[in-house]
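Read the structure below first, then the notes.
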Amino acid sequence: SFCTLLVCRQYPHGMAFPLHEYWLEHKRAAALELAAQREALLEEVARQRKSALLGVDLLAAKLEVVEKETRAGAHKIVTDLATREADAWRKINAKERRLYELQ
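In terms of my numbering, the sequence shown opens at residue 109 and continues consecutively.
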């Protein structure tokens, strides 16, 4: 068109390039750059999401270990207390028998 021929810029390779086509080319390049940035951001979000999920899995595994250790520790404490109580009752019974025998 008349407008396009009237308003031209020098294209980097030395040929005349209509301004609206130059603008469209600039827009296409900007759109491609934005698409690349978007893709990079999506990949980063996916990596972070995967990392977060791995972190959650790791924490869950650690929690499971702690729970098992806690249960085992609690069982050991209860067993130790029961053993101590049984020992104490044996000592009490032995003392009571001696007292009975002395009477």
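Just so it is clear, CB atoms sit at the ideal spot from N, CA and C, and this is done for glycine as well.
Would you identify the three-state DSSP class for residue i, choosing helix, strand or coil?
i: Q211; result: coil
i: F110; result: With a pLDDT of 43 at F110, under the threshold of 50, the modelled position of that residue is not reliable, and the figure given next carries that caveat. F110: helix per DSSP, three-state reduction.
Entirely enclosed alpha helix (DSSP H) segments - the stretch 142-210, minimum 4 residues: none
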